[in-house]
Amino acid sequence: MQRIGVFVCHCGTNIAGTVDVKAVAAALKNEPGVVFSTDYQYMCSQAGQDMIKEAIAEHHLGGIVICSCSPRMHEATFRKTAAAAGLNPYMVEIANIREQCSWVHKDMAVGTEKAIILGKAAVAKVNLNTPLTPGQSPVTKRALVIGGGIAGIQTALDIAEAGFPVDIVETKPTIGGKMAQLDKTFPTLDCAACILTPKMVDAGQHENIRIFSYSEVTAVKGFVGNFDVTIKRKARYVKEDVCTGCGLCTEKCPQKKVPNEFNLGMDNRRAIYIPFAQAVPKVATIDPDYCMMLKSGKCGVCSKVCTAGAIDYKAKDEYIEEKYGAIVVATGFNPISMEKFDEYAYSQSKDVITSLEFERLTNAAGPTQGKLLRPSDGEHPHTIVFVQCVGSRCEACSEKGKEYCSKICCMYTAKHAMLTRDKYPDTDVYVFYIDVRTPGKNFDEFYRRAVEEYGVHYIKGMVGKVSPEGKKLHVQASDLLAGKQLHIDADLVVLAAAIEPDRSARPLATMLTASMDTNDFFTEAHPKLRPVESPTAGVFLSGACQGPKDIPETVSQAGAAAAKVIGLLCKDHLTGNPCVAHADEMMCNGCSTCERVCPYGAITYVEKEFRMPDRTTKLRRVASVNEAVCQGCGACTVACMSGAMDLRGFMNRQIQAEVDAICK
Amino acid sequence: MQEITREALLSRAAELFRDGTVDRALGWRAGEFDYDVTPGVFTSAEELENGFVWNDFCGANFSKYLIRETGLTEKKVLVFLKPCDTYSFNQLLTEHRFARDKVYAVGVPCAGMADVKLLRDRFDGVTSVEGAEGGVLVHTLYDGDVTLPQAELLPDRCRNCKSKKHVAYDELLGSDGEVLDSHRFDEVEQLERMTPDERFAFWQNELSRCIRCNACRDVCPACTCEKCVFDNPASGAANKAPSSSFEEQMFHIIRAFHVAGRCTDCGECSRVCPQHIPLHLLNRKFIRDIDRFYGEYQAGAEVGSRAPIVDYTEGDIEPGEAVEGGARHA
Chain A
1 MQRIGVFVCH CGTNIAGTVD VKAVAAALKN EPGVVFSTDY QYMCSQAGQD MIKEAIAEHH
61 LGGIVICSCS PRMHEATFRK TAAAAGLNPY MVEIANIREQ CSWVHKDMAV GTEKAIILGK
121 AAVAKVNLNT PLTPGQSPVT KRALVIGGGI AGIQTALDIA EAGFPVDIVE TKPTIGGKMA
181 QLDKTFPTLD CAACILTPKM VDAGQHENIR IFSYSEVTAV KGFVGNFDVT IKRKARYVKE
241 DVCTGCGLCT EKCPQKKVPN EFNLGMDNRR AIYIPFAQAV PKVATIDPDY CMMLKSGKCG
301 VCSKVCTAGA IDYKAKDEYI EEKYGAIVVA TGFNPISMEK FDEYAYSQSK DVITSLEFER
361 LTNAAGPTQG KLLRPSDGEH PHTIVFVQCV GSRCEACSEK GKEYCSKICC MYTAKHAMLT
421 RDKYPDTDVY VFYIDVRTPG KNFDEFYRRA VEEYGVHYIK GMVGKVSPEG KKLHVQASDL
481 LAGKQLHIDA DLVVLAAAIE PDRSARPLAT MLTASMDTND FFTEAHPKLR PVESPTAGVF
541 LSGACQGPKD IPETVSQAGA AAAKVIGLLC KDHLTGNPCV AHADEMMCNG CSTCERVCPY
601 GAITYVEKEF RMPDRTTKLR RVASVNEAVC QGCGACTVAC MSGAMDLRGF MNRQIQAEVD
661 AICK
Chain B
665 MQEITREALL SRAAELFRDG TVDRALGWRA GEFDYDVTPG VFTSAEELEN GFVWNDFCGA
725 NFSKYLIRET GLTEKKVLVF LKPCDTYSFN QLLTEHRFAR DKVYAVGVPC AGMADVKLLR
785 DRFDGVTSVE GAEGGVLVHT LYDGDVTLPQ AELLPDRCRN CKSKKHVAYD ELLGSDGEVL
845 DSHRFDEVEQ LERMTPDERF AFWQNELSRC IRCNACRDVC PACTCEKCVF DNPASGAANK
905 APSSSFEEQM FHIIRAFHVA GRCTDCGECS RVCPQHIPLH LLNRKFIRDI DRFYGEYQAG
965 AEVGSRAPIV DYTEGDIEPG EAVEGGARHA
């Protein structure tokens, strides 16, 4: 039996207003083990804490119960108080008589009765508490950034600048991501390449950054501070360290009919290619799906023209293993497929395009060298209709699109409309919208300029149907403000397609045991207070993988994620949470149920020799918990039928004692 | 009448002993009477020849005994498995309770095993029983010799046999059957149709007979913990004897929860209960609920399968729905 002290807090009138705190202190005085019980106005104040310390010393308390606010609020405070008085901090229990009692009751009698019951449960638990000591684990001082878009690049640069080595893993042959495909950026209209490519070069040249382009993460093991990651380096059939990026091979390759994904298939590239002029690393890659040499062994032109001798047709995928202390997910987004939106005739007409395709059409490095020309006949369009929210803000019941707002479309559509009117004043531009959302610095001013200075026709209403008729696209739409139907014969229709997380995110989340929401966006540890951390320790989030974001927001989140990583890597050791699961090996029967239910992969099984009572030894299969990985969720303890698995600080016996105390 | 004869089993076992594949065998051992057959361990072909029986009373499921026996030998353990036993066998493998390569499993077809209670209820002074054409020939002191159709002596688990198919074996003697479309949930549905009060009265009546002999637990192939919670003073549930009628219910209900999703419905609990409590109905109710909420699942149908209640899939119903649904069908 412990010697227990009970401290009932008034919290001003927060608790004392609906709970008779003196009666609570008096009632709990009679509970088993309680040798001291008192109340005070503000337990968390310095005076209150001093009172606790004095009582611990004077009454030789072995455990204390604080009847106060939620443990989320002040458990840490009171644990420190106890530690300062020489008591193990895990001998402190909080009875939450504020959020779970005084705040939800109006009647003093009812509130007091419940507060006493909650106090009794906490006393019953403290009676079974044991001192706990957290373990420590070392930290590997290297970070992994998965995804080489602007989010990944910024995070990597910030971590590298702080002096820690960083690796970027990017599936494409070059870093740069979606931003590299953009033309101008809102709201300042500076060219995306002009501001992005210097950062790409910085990343490529930074002594602390390694870029694994054309690579994928295939396996992640371990835990915060100690991740073991397997990275697949896909065969690019060009020796990265030998290729000079001269580009001769990409001009001579006879296979000219490969859709160019960088220009979203609007022109062609060769089978050996460098995605764009400023690619980092600037190294050619052979597309094995189209290369004649790889497919049939007949060709070899690139090998003949390469003066550096960089071509290697026999290259194989390689797997490298590396240790990391922290992992940043920056897998980004993609526009959704337009196949479910056939009312806009995307599949029927080349002149119905997505906004990202429009970016390429207006980009000086795009398929038309920046001239806005219709994809079908190369003529200049005179009437352009922009349709917003294609697949965004759909009703939950419609299975076509996404429920959420894709956030960036209003602004880039305003940008597209404005740029078109600026370059081609003879063009009529219509924008159909549900709402125009412009929260952001200088965003609304930007949109208003499009309307007021550039004469873009903004029409509130949705486009119902687009039908190709001859060279025109017949657009049927409604103008909700004027209350009439519109019929527009357009030359070009641009769809602001919703964005969704990259498809690689889901399997990656499984590997990282990081949680996702129903839309496959990574979930943050706390939506407001821990927005760049995943609930899985050591995994951080950067950019659109966490939710739709524009560039300024992505960059600030990328920096925030980097700051969290730096904070982690600065530590030599991590102090764990001692409230973790633990298997009683003598009771474990090796059934693997706990291993299967553990969401963090913290449980493995080992074969161990045990001495039996008759002096023989027996080899048994028993569960072993990696305490650094265990998050203390307790799923294993309820799945274990023999009761071998238990959670320190929340033992089955303690929970039962609490329930018994409440039911008594 | 069983399809395979005792002699066929014996001669195959003798071969396996002779060629050194096995050095022990789990088989049914003769008791005082023909009907009180007990499980036994045999360490030679001679022992088998003397003590082994194979008749209509060989209900015992040997899967659980493999945990101990495989640890006692360097060679393999020979085990005879009826179709329903093979499900327990697989479930134990799923739970890593013994090494598969330490077992030589011989599948034996089963025509259903007679229930001793039904026999005793029917006759006084049974002297011997033997398989006969078209049923069972019972010799009695007072009623003479009576031939009964075998169906009249079958317990519920055999009348509502879920499968004649062996899901695991190294070698099969005789023929294999099919998974059957049985009516094993009919009685559960009857209980579900009762009002809560009627149902409480039903179980109170059944469970109040419990003497806490622990036979159900000891025979259950799903109850293989190193230390059972009921024997572990630290668990808070340890108890050697019933202290109130409420306690007994807790014992059986806790046990049903512990085997939920792992119970293969082999029916051994009800077979061994000296108080004839239909314990299998508790487990069947759990199986029925799991099937309803998460889709049909048969524990032990394959090695390594994950029971729905310890597996997460995106299609899972919300826990609240399960609780409400459970109450609805309770």
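So the sequence lines, in the order shown, correspond to chains A and B. Going by our numbering, 413 is the number at position 413 of the first sequence; the sequence numbering is gapless. Going by our numbering, 985 is the number at position 321 of the second sequence; the sequence numbering is gapless. The beta carbon of each residue, even a glycine, is placed where N, CA and C say it ideally should be. All values derive from a computational prediction rather than experimental measurement.
Assigned exposure category for residue i - 16 Cβ within 10 Å defines buried
i              : result
residue 682(A) : One cannot answer for residue 682(A) here, as it falls past the ends of chain A, which runs 1 to 664.
residue 733(B) : buried
residue 806(B) : exposed
residue 174(A) : buried
residue 716(B) : buried
residue 784(B) : exposed
CB contact below 8 Å: residue i versus chain B
i              : result
residue 618(A) : yes
residue 672(A) : Residue 672(A) falls outside the range modelled here, since chain A spans only 1 to 664, and no answer is possible.
residue 631(A) : no
residue 592(A) : yes
residue 589(A) : yes
residue 639(A) : yes
residue 586(A) : yes
residue 596(A) : yes
Reduced DSSP secondary structure (H/G/I, E/B, other) of residue i
i              : result
residue 269(A) : strand
residue 510(A) : helix
residue 689(B) : strand
residue 923(B) : coil
residue 403(A) : coil
residue 799(B) : strand
residue 348(A) : coil
residue 4(A)   : strand
residue 90(A)  : helix
residue 28(A)  : helix
residue 237(A) : coil
residue 226(A) : strand
residue 621(A) : strand
residue 221(A) : strand
residue 255(A) : coil
residue 516(A) : strand
Test: residue i CB closer than 8 Å to a CB of chain A
i              : result
residue 740(B) : no
residue 723(B) : no
residue 759(B) : yes
residue 896(B) : yes
residue 899(B) : yes
residue 732(B) : no
residue 771(B) : no
residue 952(B) : no
residue 889(B) : yes
residue 735(B) : yes
residue 970(B) : yes
residue 922(B) : yes
Rounded Cβ spacing between residue i and residue j (contact assumed at less than 8 Å)
i              : j              : result
residue 213(A) : residue 257(A) : Going by Cβ atoms, the distance from residue 213(A) to residue 257(A) rounds to 25 Å, so no, they are not a contact pair.
residue 391(A) : residue 544(A) : Between residue 544(A) and residue 391(A) the Cβ distance is about 15 Å, and since that is not below 8 Å, they are no contact.
residue 408(A) : residue 183(A) : Not a contact, Cβ separation roughly 14 Å.
residue 729(B) : residue 690(B) : 5 Å
residue 636(A) : residue 598(A) : 6 Å
residue 804(B) : residue 771(B) : Actually they are not in contact, since the Cβ atoms of residue 804(B) and residue 771(B) sit about 34 Å apart, beyond 8 Å.
residue 85(A)  : residue 57(A)  : 6 Å
Chain C contact for residue i (CB, 8 Å cutoff)
i              : result
residue 880(B) : No chain C is present in this structure, whose protein chains are A and B.
* **Minimum length 3: unbroken beta strand (DSSP E) runs contained in the segment 115–144 of chain A** => Complete beta strand (DSSP E) runs here, min 3: 136–138.
* Which ranges does the alpha helix (DSSP H) cover as unbroken runs of at least 4 residues, wholly within the segment 740–780 of chain B, from first to last along the chain? -> Every alpha helix (DSSP H) stretch that sits fully inside the segment 740–780 of chain B and reaches 4 residues is listed by chain position as 747–758.
* **Residue ranges of each alpha helix (DSSP H) within the segment 413–463 of chain A, 4 or longer** => Whole alpha helix (DSSP H) segments, 4+ residues: 443–452.
* **Start-end ranges of the beta strand (DSSP E) lying completely within the segment 303–339 of chain A, minimum 3 residues** => Taken in chain order, the whole beta strand (DSSP E) runs of length 3 or more contained in the segment 303–339 of chain A are 318–324, 326–329, 333–335.
* Whole runs of the beta strand (DSSP E) within the segment 554–588 of chain A, excluding any shorter than 3 residues -> Correct list: 573–575, 581–583.
* Asked: Counting only runs that start and end within the segment 795–841 of chain B, where is the alpha helix (DSSP H) found for 4 or more residues in a row?
  -> Runs of the alpha helix (DSSP H) lying entirely within the segment 795–841 of chain B, each at least 4 residues long, are 820–823 in chain order.
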